[in-house]
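**Student:**
Protein chains in written order, with the working numbering: chain A, 1 to 644; chain B, 645 to 1288.
(1) Taking 8 Å as the cut-off, is the beta-carbon of residue 804 (chain B) closer than that to any non-hydrogen atom of the ligand ADP?
(2) Output the boundary residues of the alpha helix (DSSP H) element that contains residue 37 (chain A).
(3) Please report the residue range of the beta strand (DSSP E) in which residue 484 (chain A) lies.
(4) Can you name the start and end residues of the alpha helix (DSSP H) that residue 1145 (chain B) belongs to?
(5) Around the C-beta of residue 1151 (chain B), are 16 or more other C-beta atoms found within 10 angstroms, so that it is buried, or is it exposed?
(6) Taking the CB atoms as reference points, tell me whether residue 482 (chain A) and residue 435 (chain A) lie closer together than 9 Å.
(7) On the CB-based measure, 16 or more other CB atoms within 10 Å of its CB, does residue 1223 (chain B) come out buried or exposed?
(8) Measuring only between beta-carbons, confirm whether residue 642 (chain A) sits less than 9 Å from chain B.
(9) Could you tell me which chain B residues have their CB closer than 9 Å to the CB of residue 308 (chain A), listed as they occur along the chain?
(10) Look at the alpha carbon of residue 879 (chain B) and the alpha carbon of residue 928 (chain B), and state the distance between them as a whole number of angstroms.
(11) Helix, strand or coil for residue 645 (chain B)? Go by DSSP, reduced to three states.
(12) Helix, strand or coil for residue 641 (chain A) per DSSP?
(13) Contact criterion: CB-CB distance below 9 Å. Does residue 970 (chain B) meet it with respect to chain A?
(14) Using the beta-carbon of each residue, which ones in chain B are nearer than 7 Å to residue 547 (chain A)?
(15) Using Cβ-Cβ distances below 9 Å, what residues of the stretch 537-562 of chain A are close to chain B?
(16) Helix, strand or coil for residue 1226 (chain B)? Go by DSSP, reduced to three states.
(17) Spell out whether any CB of chain B is found under 9 Å from the CB atom of residue 593 (chain A).
(18) Is the beta carbon of residue 183 (chain A) less than 9 Å from the beta carbon of residue 143 (chain A)?
(19) On the three-pair Cβ rule with 8 Å, is the stretch 268-277 of chain A touching the stretch 196-215 of chain A?
(20) If you count every other CB in all the chains shown that lies within 10 Å of the CB of residue 533 (chain A), and 16 or more means buried, which is it?
(21) Using the DSSP secondary-structure output, state which residues sit across from residue 1259 (chain B) in a beta bridge.
(22) Could you tell me which chain B residues have their CB closer than 7 Å to the CB of residue 316 (chain A), listed as they occur along the chain?
(23) Suppose contacts are defined by Cβ-Cβ distances below 9 Å. Is residue 982 (chain B) in contact with residue 1022 (chain B) by that definition?
(24) Which of the three DSSP states, helix, strand or coil, is assigned to residue 34 (chain A)?
(25) Let's see if you can read the secondary structure: which residues bound the alpha helix (DSSP H) around residue 459 (chain A)?
(26) List, in chain order, every chain B residue whose beta-carbon is nearer than 7 Å to that of residue 320 (chain A).
(27) Do residue 6 (chain A) and residue 258 (chain A) count as a contact pair if the criterion is CB distance below 9 Å?
(28) Suppose you measure from the CA of residue 200 (chain A) to the CA of residue 147 (chain A); what does that come to, to the nearest Å?
(29) Would you check if there are 3 or more beta carbon pairs closer than 8 Å linking the stretch 33-53 of chain A to the stretch 373-390 of chain A?
(30) Below 8 Å, can you find three or more Cβ-Cβ pairs linking the stretch 1202-1209 of chain B to the stretch 620-628 of chain A?
(31) So, with DSSP's three-state summary, where would you put residue 6 (chain A)?
(32) Which residues in the same chain as residue 590 (chain B) place their Cβ atom closer than 7 Å to its Cβ, once the five residues preceding and following it in sequence are excluded?
(33) Per DSSP, residue 959 (chain B) forms a beta bridge with which residues?
(34) Any C-beta of chain A sitting closer than 9 Å to the C-beta of residue 813 (chain B)?
(35) Just mark residue 633 (chain A) as buried or exposed, buried being the case when its beta carbon has 16 or more other beta carbons within 10 Å.
(36) Taking only runs of the alpha helix (DSSP H) that begin and end inside the stretch 916-1003 of chain B, which ones reach a length of at least 4 residues, in chain order?
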């Protein structure tokens, strides 16, 4: 077993070989195909009454010369379609659907029609500044948009085998590689990272070295130049947002060379897209210093700057990380896209290092913030994922204008909904990692999966009771006798794990957080059981926002109180931490386990302040999974509850 | 005694007759003359190294044709000088100073030189848009600026008897009365209120009815027209801030007719300046409906929207009120000017109604937020007055960029420092109110005061031990035998009040919160003692930000924990509410009483979250007066402390 910082040759498996069939996840994953993709497709066409118009398809049609008009919407509006196409590809991988495929191909036609002869693709600049390209990296989002189109093209190619879209996006990537190696762009870096990880994906899909090298150049340049700060003084600069403020280098992680960064700074989505590419490149180039930076950044996030829900980004202003232990609950930003990006980073770190701990964090983000981002009907979304909501206080034109107490149909800036869709549709990539002679089971999600051990095709069946019970049965069937290992991640929350094979219970070796199960012959079966009771969680006392409070977590799921179960005035409730929590199976939405606690409700008569301590009456508190909050009548919600 | 909603004929006394000589207040009040006025005068001339330039005097010189150049700074920059002049007048009332007087007269010369032939005065429009006037009430602040010049002129006239400045500002007021009664301004209202209360002051100083009528028109128009929303479509509109957002009527209290308003909305300073004028006019016109609105707004503020420190304004965005019980401590706005405005409103409500309760609130604001706004050396200032500070979290380009952990030398937008100066310099107006046959003692502040009872000149001497002990001795000496009453406010925090006259202890009648003490003959003396121990304060459980927390208050003073006394990590401290608080006389800054409590410090090893409850060790907590916070090394501060 390789015990240096890098694991060798770990790979994601093709999505078409990963069939998730899980009581918990089916409800969400199948929504992608049945609801989210059709709904989001209608939004791209501006067909959803009451939702802000996207203008995405209209912009591309205008850029393609198929319609008259001007650009409308955000500068990165094209990415709505790019992420939709990526999600559509993933959906087709698990569920062939000729109609969806035909629609997607029509959209690919549109994208290719909007592409310029030199490979450039961006409806904003093509319509508003024809002939201009890469003149405002700070605000223009061209490389970010390019990255999403490249990711979509790679996904389409990997799922369908068709290379028309891929080849078109290679031409765009070739243009980028050319332009960004000219002298006048020698120190240029993307304003919003994403192209780096996309170029790496393109490299892995095509084997073309220059894409990897360009990604590496971009991250190596970052923080070593003042390009983004001085760009607005260049003759070629085209203003987009007319922002009078000077560029804040931390905002775009451009404040220090990436290998010297130790704290997660600035815009959280940008940061985690960057770190994702750093992880990919560290692994691919065996770059120890880069990997060390990734590890430091991971530690900083998870030990000091992450909400208990896997949310990141504490400030609505600039959608950014702030400082250690600054985790306000009611004004949290915790953008859905940021938790997706955190999961993406952790998936890569898991692949690069072979360490299980990264998947603890990915799992936390996916089961909580990512899932909370979408309504149970797949038709409304959270952009921001607060941990405490009092609906009346989420007022427009205040500090908390970014927090919405109910999911929105769509957003003017609609990065999150299609990002959630592509994440749910590619969930299989989080479940398994393929090694040379090993398979890593990263998430205990039920399904049937095809992989290889030492070159021999194997089928892996997982039957998991998560997140309601700590039990999973994993069977490996090989086409012919094989010798290898099954590595099963032991979650950080697993109490008293017990492994049972055909010969009864056994104690496996542990390696980097994985239980090492030998696979021999054609059939291996193992049961993995562990305690996963609902537990009280305490925050580090440096987190002022959680002072005197506790939260409830069961396995990967964080719980919350909602007004629908507990009446209004959640701040007047106290939880008795000396009494046991009680789990109620099937008591909640989608048959979820709810959790009851003993508590008090404070009584108060009078005004705002008093020298008299409030009286209280006993009451029961009912906690529900955070991922399902806001699916009933709108009301208050809180994750952290004041202790008695 | 009149028991309808209005008291009759209550008046403020001339400041020159009010000599404050108080162990607690002298330190601040005398700073106005010795430090604040000279320091602020230097800032007006841009002479303070490291402070943002004011440009105030330079702008006026350019407007007066005495210098070349263009306007710099905020559109309301002139008001810095106006408030300085008002404060200078008040300072001269208590301490004649030929040099200060000469300087002030020179400044009045400058103001008059910048005034236009038609009476108009505003350096921003005179320099940048010559000939234009009242073309952007929403943003231009011309009427706000006019109001401050009028207040300064009235103050100067009342203190010095000289009417040159007053007459000049009457010409400005005459212009306003004329313009705002033309058909095209028939429904126009000020964007930032202030002119209304200033016109009322001008009416009281001159007896000129039309000023009162104009003020009444302005408040009667408010909320009945869409003038501010549609102003930017008028041909005369001159854009100032190029704000792409539509006007938010609540921001300027223009969302409903004033008599129908029941909740304090929008920009807190604007709101309280408006309510101040409403109180004046309600009293002057005996307008029952208007008084009822003032009473409702007062109740809404003090019962639902006010910090325990008398701070108001919960959101940094728009510096505004938000909703009931929304009182975040770490992101509070609680602008110094807003608490000044609250005290101004309460002073007027006290005068109009004769009710003592309004002075409970004025006292709270003055002793806490207003006083905290200025450093003990008079040379640095808070604009925003948070109730919890962790310095590292007060980062630029985040949600909390408005919160500063240390007082600033000056501000680009420097409304607060000169506003604090004029408030401290006119503190006497808060101490006493003159009735026909009665004197109201509103604040127990030591000093010697000249007044009249039934026309007979009297001298009132107050010797008060506040805020450290609940004891005051009040003596009235009349020039000749007199018959009347001394009304002494019994503070809301007074425990077991005892009054002692020459014949021993007695129980006075109570009227609207005042103890009624008969004054007969030429000498009356009364001692007023009450318990005023440090007490724990609980917040209404609807205030989520204070859930599980308590604060400490002693008499009018709210206390806080500072890192300087309690080490870093204040969120890890717990107060034991079952143990008595202990007062330590003379233990703090300016010989203040400090308060000790028994508590715990949580111990924690590990990361961000844990299933293990933290251990703790006993510790002592040391509380200091909030008004003196931030006068030592910078560090954490909190008013609300988590209970054990």
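Think of the CB as a built atom: it goes at the ideal place given N, C-alpha and C, for glycine as much as any other residue.
All values reported here derive from a predicted model rather than from experimental measurement.
**Tutor:** This is what the structure gives:
(1) The ligand ADP is not part of the structure shown, which contains no ligands of any sort.
(2) One-based indexing of the first chain puts residue 37 (chain A) at position 37. That run of the alpha helix (DSSP H) goes 37-44.
(3) To locate residue 484 (chain A), count along the first chain from 1; it is residue 484. That run of the beta strand (DSSP E) goes 471-489.
(4) Reading the second chain from its first residue, position 501 is the one you call residue 1145 (chain B). Element bounds for residue 1145 (chain B): not the alpha helix (DSSP H) but the beta strand (DSSP E), 1139-1145.
(5) The sequence position of residue 1151 (chain B) within the second chain is 507, counting from 1. Burial call: exposed.
(6) Along the first chain, read from residue 1 onward, the residue named residue 482 (chain A) stands at position 482. Along the first chain, read from residue 1 onward, the residue named residue 435 (chain A) stands at position 435. It is not a contact, given that the beta carbons lie outside the stated cut-off.
(7) Taking the first residue of the second chain as position 1, residue 1223 (chain B) is located at position 579. With fewer than 16 Cβ atoms within 10 Å of its Cβ, residue 1223 (chain B) is classed as exposed.
(8) In the first chain, residue 642 (chain A) corresponds to position 642, counting from 1. Residue 642 (chain A) counts as touching chain B.
(9) Position 308 of the first chain, counted from the start, is the residue given in the question as residue 308 (chain A). Simply 1252 and 1253.
(10) On the second chain, position 235 is the one that residue 879 (chain B) refers to. On the second chain, position 284 is the one that residue 928 (chain B) refers to. Going by the C-alpha atoms only, they are around 37 Å apart.
(11) The sequence position of residue 645 (chain B) within the second chain is 1, counting from 1. Caution is warranted here: a pLDDT of 45 is assigned to residue 645 (chain B), below 50, making its placement in the model unreliable, and no coordinate value can be reported.
(12) For this step, residue 641 (chain A) is matched to residue 641 along the first chain. Reduced to three states, the DSSP call for residue 641 (chain A) is strand.
(13) Within the second chain, the letter at position 326 stands for residue 970 (chain B). Yes, its Cβ sits closer than 9 Å to a Cβ of chain A.
(14) Position 547 of the first chain, counted from the first residue, corresponds to residue 547 (chain A). Here the neighbours are 1215 and 1286.
(15) 537, 538, 539, 540, 541, 542, 543, 544, 545, 546, 547, 548, 549, 550, 551 and 553
(16) Indexing the second chain from 1 puts residue 1226 (chain B) at position 582. Strand, per DSSP.
(17) Counting from one through the first chain, the residue named residue 593 (chain A) turns up at place 593. Output row for residue 593 (chain A): interface = no.
(18) Within the first chain, residue 183 (chain A) is the residue found at index 183, counting from 1. Within the first chain, residue 143 (chain A) is the residue found at index 143, counting from 1. No, Cβ-Cβ distance for residue 183 (chain A) and residue 143 (chain A) is not below 9 Å.
(19) yes
(20) Position 533 of the first chain, counted from the first residue, corresponds to residue 533 (chain A). Exposed.
(21) Position 615 of the second chain, counted from the first residue, corresponds to residue 1259 (chain B). Its beta-bridge partners are B:1247.
(22) Walking along the first chain from the start, residue 316 (chain A) turns up at place 316. 1043, listed in chain order.
(23) For the purposes of this step, residue 982 (chain B) is taken as the residue at position 338 of the second chain. For the purposes of this step, residue 1022 (chain B) is taken as the residue at position 378 of the second chain. It is not a contact, given that the beta carbons lie outside the stated cut-off.
(24) Position 34 of the first chain, counted from the start, is the residue given in the question as residue 34 (chain A). Residue state, collapsed to three classes: helix.
(25) What you label residue 459 (chain A) is simply residue 459 of the first chain in a count that begins at 1. Careful: residue 459 (chain A) lies outside any alpha helix (DSSP H), inside the beta strand (DSSP E) at 456-464.
(26) For this step, residue 320 (chain A) is matched to residue 320 along the first chain. Here the neighbours are 1042.
(27) On the first chain, position 258 is the one that residue 258 (chain A) refers to. On the first chain, position 6 is the one that residue 6 (chain A) refers to. No, the pair does not count as a contact, with Cβ atoms beyond the cut-off.
(28) Residue mapping note: residue 200 (chain A) aligns to position 200 of the first chain, counting from 1. Residue mapping note: residue 147 (chain A) aligns to position 147 of the first chain, counting from 1. Going from the Cα of residue 200 (chain A) to the Cα of residue 147 (chain A) covers about 10 Å.
(29) yes
(30) no
(31) For this step, residue 6 (chain A) is matched to residue 6 along the first chain. In this structure, residue 6 (chain A) counts as coil in the three-state DSSP scheme.
(32) Within the shown structure, residues of chain B are numbered from 645 to 1288, placing residue 590 (chain B) beyond reach of any answer.
(33) If you number the second chain from 1, residue 959 (chain B) lands on position 315. The partner list for residue 959 (chain B) (beta bridge, DSSP) reads B:964.
(34) Position 169 of the second chain holds residue 813 (chain B). Residue 813 (chain B) does not count as touching chain A.
(35) Working through the first chain from its first residue, we reach residue 633 (chain A) at position 633. It is exposed - the Cβ of residue 633 (chain A) has fewer than 16 other Cβ atoms within 10 Å.
(36) 932-948 and 980-997
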